[in-house]
Amino acid sequence: MRLLSLLTTALLVGLSAATSSAGNSVLVVLEPKLSREQFSIFFDGLESKGYDLTFRAPKDEKPVILEDDIPAFSHVIFFAPTTKNFASDITPQSIITLLENRVNVLIALSPSTTPLTSLAAEFSLILPPPNTPLISHFPSRPHPPTTLAITPHNGPNAPILSKNLGPVLFKGISHAYGENPRLVSILKAPKESFASDTESDRGSESIADAVEKGGEGLWAGGSMGVVSGFQTVSGARVTWVGGVDVFGDEFANAEALEGVKSGNEQFSKDVAAWTFQESLVLRIANTSHHLLGENYPRDHYTTKDEIVYSIDIERFDAKTSTWKPYSGITDLQLEYTMLDPHIRTALPPIKGAPGHYSVTFRAPDRHGVFKFVVDYKRKGWTHLHSAIVVPLVPPRHDGYPRFLSSAWPYYAGAISTSIGFVIFSALWLGGDVREKGKGKGKKAE
Amino acid sequence: MPDAIPLPRVAPETVANTTSLLRIIALSLISGAAIASRLFAVINFESIIHEFDPWFNYRATRVLAAKGFYEFWNWFDPTAWYPLGRVVGGTIYPGLMATSGVIYNILHGLNLPVDIRNVCVLLAPGFSALTAWATYMFTKELKDASAGLIAASFIGIAPGYISRSVAGSYDNEAIAIFLLMFTFFTWIKALKLGSAFFGTIAAVFYFYMVAAWGGYVFITNMIPLHALVLLLMGRYTNRLYVAYSSWYAVGTLSSMQVPFVGFQPVRTSEHMAALGVFGLLQLVAFSDLVRSHVGSKQFRTLLRVALVASGILGGAVIVLLTLKGWIAPWTGRFYSLWDTEYAKKYIPIIASVSEHQPTAWPSFFMDLHVLITIFPAGVILCFKELRDEHVFVIIYAVMASYFAGVMVRLMLTLTPVVCVAAAIATSTLFDTYLDVHEPEDPSAENSVPVVTVSGESHVGGTNVTVTTPAPAPTPSKKAKKAQAQAAAPASSIASTIAEATGTAGVTTRQDRGVFGLGSRLVVVALWVYMLLFFVVHSTWVTSNAYSSPSVVLSSRNPDGSQHIIDDFREAYYWLRQNTPEDAVVMSWWDYGYQIAGMADRPTMVDNNTWNNTHIATVGKAMASSEEVAYPILRKHDVSYVLVIFGSLIGYSGDDINKFLWMIRIAQGIWPDEVSEPSFFTPRGEYKVDEQASPAMKNSVMYKTSYYRFAELYGGNQPQDRVRNQNLPMKGPTLDYLEEAFTSENWIVRIYAVKGDDELGRDLKVANSFNEGKKRKRGRPLVRRRAVAAV
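So the sequence lines, in the order shown, correspond to chains L and R. First residue of the first sequence? That's 1 in UniProt numbering, and the numbers climb one at a time after it. First residue of the second sequence? That's 1 in UniProt numbering, and the numbers climb one at a time after it.
Rendered as structure tokens:
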């Protein structure tokens, strides 16, 4: 909560100068039906934060989003929800290439089928059949049934949005979630909502029937999403929005319910801030490992060594555009892994050292090529992953204890045999001489 | 006594001096021939380390030379058996590397900047010269110096030994055969003299052998067996006691200093025979002592009973300890020596090695040529004399013959004894036929009974000491014993054999003889011709069969010129120069050492097959479909998969031919997931064409082998030249791997393992998306089943 308020204040205060951690150039693919003026609050807000917006129509050849697989912009906004044909450089495949190059993408959908709706399936989003917008008849509000006032659920599971956000006006389609764990829900559909091709209640029976028979499925209820984020393997962020109007001036200025102002302006800012890597952005500044009592890393450790592992984590501060040490993670874990984790331990923040997490542990009594693995994946936050390979070797030949108390019987045996041998040799040799001496003596006698 | 040809009169000292000079010259020439014949590999190809295991030895030697002995001892290799790693210092026989390291340091101490690689390449030929010398010494103890020289020349060029010791074949066997022969020589010397000094020298060389080769167990069991047989023959002497006790005590204690051996000499069954015989000898010696001091017959009986009882008790203790697990039972490799089917049934990893297969008969001739035919004659000649050392050779011959029949690689241990026995036979033949003395009276007299001359050796002489039927013409046998002994060409090997096998005797009339100069020359010339032919054969085999480095292949162009196929090094250097240093390469274990040595990349498994499960993991990854294999590959951080593919140029040692072993080994660990029968066609054939079974066609091995192979034929029928089958027109596709490199002749194919998909999708799905295929429309997942209508 403290974090959230921090973030909110950061966003509110830093409206003037803040930039993204990933770059400032934004390409807006705006379809001709829409105009920039319809979204002036949203776009002006972005510009005032320092983003360079470039606009192009879906069918324009220039500027290209990818040139020789090198992206030309840091972020791309697709406000082309009804466009069926794009220029040749915009294909579902090229959008994936954008993501691989860590370009963040914001995509708006609509009830009509476009190349982008087919792309949604790759993100494990399951869209309803064409032309079935989300509808809700409750609660009563000064809007048609296709325009919903959705109250965002703030909480630890949805840290992307600001606290105390008013109801968000939404018009568009919902989507069901597949099984991809990289999805993060930003705004969910209200419980009473459902996807339907008609506003009247006449078709409701047939919809229910279709579901009962296991036909097309039912896009209804609170488990559907309307705005969802996705973090890719390389760290790029994608946000899917069910309708482009969420960002529009009209909704931003409208009342969501009777006497309640809509939260759309702040909502679109929050969504853009998350998508463009302003909020909830973490990075690993440094990792290190060393023996307890030393402070340089070894190229290998010995079994049963006491090893200190530490990691420094920074968080991007959009207000000042800087990375600042971040000690707020309480559930960070370190795994000491060879095939399977041999040790899994908490990696707590160290008091007095901001952003510093450290743990001391004893290496297992098992040699092999081990990895220090930190794998921190939380919804909405940047995924942190670090793996350092360091072999764990058995003790050197002189690294074992020299004398063992349990081996005393053997020492005693060896020592007594040695002494016995010396005494025997002495007696044997000496005795021989004496005999000769005696013999001589006898002879002498 | 008349001579066949007049002999010049020379003073005995001159003869002795000349003989020793000639002996030295002969030995030097033999050494030269031994070394020179092993250089074919360097001349035909280049100074390169051969095959598989030598690459590891070479790599280890480089570490030893660069970092010193202590670092080598503590060397933990994190790049082998990734991610388990290998404690190299504690799992190798360091003798070979230490030897090269010492030679390298000495040469550098003399300011001879020799590359460590050349030391390694030329170590085996160098030691083969020493082997020839050791064999000379050994045979000399059995018969005489001339037999020794013949044995030395045999072992110098016998293909059975050359196969493991050509230049570049930098393996443990390269020095081990020398150590084997020298240990045996010192053992026999110790036994002959009853000398603790020679016993200790035998122990020191035994220690060197233990440090050098796992085959030391052969010595560990041969010497006790010899001692036991002597005991049973009633030949117990104090000499035996001294020789054996000094060898065993010093040898065992020192062998335990080798980290890899450790406490095995007192903990494993392979070493129990030596310990048991040691104990038995103490008992026998004790009883001998008591017997010499106590007269009472009753007491002797009591003593005997006590001895037997304690012997039984000792045996029972050993059995009990084995059952309790204090003494490790025989390892699988040893069981497979008794039951050739054992390995195939229970330990496919041992059976999968071609050199562990039973020997085919032609290879006996190939490796030993004419020697194998006179080998029995030599053994029988040993029976004729049957001194302690001859018993040793007989036991050695029997054991080694058996083992060589069971395992191809043990042909190596048979070769020395064959050379020794053949040399005894040859030398006897020459002694007999080249002796210029003739019987005094050539007149025929047929009624003479056979007189058997017992074989007392003539010290210093070159006389044959075989049992000799007296030449018929001699009228008074007993008076002319000595002459009869020397002059009996008639009793050539045939009759000695007859006698030794028991058919000879008084009833046979030995009245024939070949005394004519011409006849003698014919026999000798024939035999010399055979020996010359042996030389020709050895040279041919060495140059054609045993000198290929197998890293570099060669073929003949149509015009007869040599064409070098260098795909292995091409691919390994590609890996070395184009991949990150920590990129793990997965291949079948055969290529592990080569990848580590030439590509310098971590490998999952290698030729040190210590972890069957890890190898089975690789087998499973190769034998499963891509979907199953991919998680395995990712879990082990594998970046590249390397397969050997011979179908293009007909290289038959490729992975598809080894594939069945991978399946079997994987099946041993995961019988539910991998099953051998599913890789055969319904008719039980191993096919790679259209009729190949689905499991075969979906396996990673099949896919990586034949990926894009059909494209090479441009629409024509693609053909597999190794298995002579027509391949499907449409080759396999890959989703989780992508081709990274294919060598010039397609022998080595390297595939990169794809990373996670950008969106976390299954790679198969991602691939069909990239190809633009439409996905089926989804439906919301049913998270809760609706309650059925009430």
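Here a beta-carbon is modelled for each residue, glycine too, at the ideal position from N, C-alpha and C.
Taking C-beta pairs closer than 7 Å, name the residues in chain R that residue 460 (chain L) reaches, listed in chain order.
Residue coverage of chain L in this structure runs from 1 to 445, which leaves residue 460 (chain L) outside it and unanswerable.
I'd like the list of long-range same chain contacts for T275 (chain L), defined as Cβ closer than 6 Å, with 5 residues on each side in sequence excluded.
Here T275 (chain L) has N104, L106, R237 and T239 as same chain residues with Cβ atoms under 6 Å from its own Cβ, once five neighbours each way along the sequence are excluded.
Which residues share a DSSP beta bridge with V522 (chain R)?
Answer by DSSP bridge pairing: none, since V522 (chain R) is not bridged.
Just mark T417 (chain L) as buried or exposed, buried being the case when its beta carbon has 16 or more other beta carbons within 10 Å.
exposed
Looking at chain B, is there any beta carbon in it that lies within less than 9 Å of the beta carbon of P142 (chain L)?
You won't find chain B in this structure, because its protein chains are L and R.
Taking Cβ positions only, does H356 (chain R) come closer than 9 Å to chain L?
no
Alpha carbon of A11 (chain R) to alpha carbon of S28 (chain R), nearest angstrom
26 Å
I126 (chain L) touches chain R at which residues, Cβ-Cβ below 9 Å?
R777, G778, R779, P780 and L781
Check the DSSP bridge columns for M338 (chain L) and list the partner residues they point to.
L:D340
Unbroken beta strand (DSSP E) runs of length 3 or more, entirely within the stretch 546 to 573 of chain R: which are they?
Those beta strand (DSSP E) runs which fall completely within the stretch 546 to 573 of chain R and span 3+ residues are 553 to 556 and 562 to 565.
For T330 (chain L) and K319 (chain L), the rounded distance between their alpha carbons:
Using only the alpha carbons, I get a separation of about 24 Å.
Please list the terminal residues of the continuous alpha helix (DSSP H) segment that includes D68 (chain L).
Element bounds for D68 (chain L): n/a, residue is neither H nor E.
In chain order, what residues of the stretch 758 to 769 of chain R put their CB closer than 7 Å to some CB of chain L?
Listed in sequence order: E758, L759, G760, R761 and F769.
Do V722 (chain R) and I656 (chain R) count as a contact pair if the criterion is CB distance below 9 Å?
In this structure, V722 (chain R) lies closer than 9 Å to I656 (chain R) by Cβ.
List the DSSP bridge partners of residue 791 (chain R).
Past the edges of chain R, shown from 1 to 790, lies residue 791 (chain R), and the structure says nothing about it.
For a cutoff of 9 Å on Cβ pairs, would you count G93 (chain L) as touching chain R?
Correcting the residue identity first, residue 93 (chain L) is Gln in this sequence and not Gly. Yes - at least one Cβ of chain R is within 9 Å of the one on Q93 (chain L).
Tell me the DSSP secondary structure of I5 (chain R) in three-state form.
Look at I5 (chain R) here: in three-state DSSP terms it is coil, with no helix or strand label.
Using a C-beta to C-beta distance shorter than 7 Å, which residues of chain L count as neighbours of P83 (chain R)?
Ordered by position in chain L, the residues that pass the 7 Å Cβ test against P83 (chain R) are M338, L339, G368 and V369.
Could you check which residue in L:A272, L:T302 and L:D375 has the C-alpha nearest to that of G400 (chain L)?
Note that residue 400 (chain L) is Tyr in the sequence shown, not Gly. Measuring from the Cα of Y400 (chain L), the nearest candidate turns out to be L:T302.
The stretch 387 to 399 of chain R touching the stretch 408 to 427 of chain R, judged by at least three CB pairs closer than 8 Å:
yes
So does the stretch 555 to 565 of chain R actually touch the stretch 578 to 597 of chain R, counting three or more Cβ pairs closer than 8 Å?
No, they do not touch.
Can you give me, in chain order, the residues of the stretch 721 to 742 of chain R that have a beta carbon less than 8 Å from any beta carbon in chain L?
none
Minimum length 4: unbroken alpha helix (DSSP H) runs contained in the stretch 350 to 417 of chain R
With a minimum length of 4 residues, the continuous alpha helix (DSSP H) runs that stay inside the stretch 350 to 417 of chain R are 361 to 368, 371 to 385 and 388 to 406.
Taking 8 Å as the cut-off, is the CB of I656 (chain R) close to at least one heavy atom of the ligand COA?
Looking at this structure, you won't find the ligand COA or any other ligand, since it has none at all.
Would DSSP call V389 (chain L) helix, strand or coil?
strand
Spell out the partners DSSP gives M586 (chain R) in its beta bridges.
R:V641
Length at least 4, wholly inside the stretch 64 to 90 of chain R: the alpha helix (DSSP H) runs in chain order
69 to 73
Can you tell me whether G215 (chain R) is buried or exposed? The criterion is at least 16 other CB atoms within 10 Å of its CB, across all chains shown.
If you draw a 10 Å sphere on the C-beta of G215 (chain R), you find 16 or more other C-beta atoms in it, and that means buried.
Looking at the secondary structure, which residues open and close the beta strand (DSSP E) in which L27 (chain L) lies?
S25 to L30
Contact the stretch 181 to 199 of chain R vs the stretch 230 to 246 of chain R: 3+ CB pairs below 8 Å
yes
Between which two residues does the alpha helix (DSSP H) holding G41 (chain R) run?
The identity of residue 41 (chain R) in the sequence shown is Ala, whereas the question assumes Gly. Per DSSP, A41 (chain R) belongs to the alpha helix (DSSP H) from F40 to N44.
Between R:N612, R:Y342, R:I162 and R:V700, which lies nearest to T131 (chain R) when the distance is taken from Cα to Cα?
R:I162
Residue range of the unbroken alpha helix (DSSP H) whose run includes I311 (chain L)
No alpha helix (DSSP H) contains I311 (chain L), which is instead part of the beta strand (DSSP E) from E306 to D317.
So V281 (chain L) and E758 (chain R) are supposed to be a Cβ contact under 8 Å. How far apart are they, rounded?
Between E758 (chain R) and V281 (chain L) the Cβ distance is about 19 Å, and since that is not below 8 Å, they are no contact.
Alpha carbon to alpha carbon, how far is I419 (chain L) from W408 (chain L)? Give it in angstroms, no decimals.
Taking C-alpha positions only, W408 (chain L) is separated from I419 (chain L) by approximately 16 Å.
Coil, strand or helix - Y342 (chain R) by DSSP:
helix
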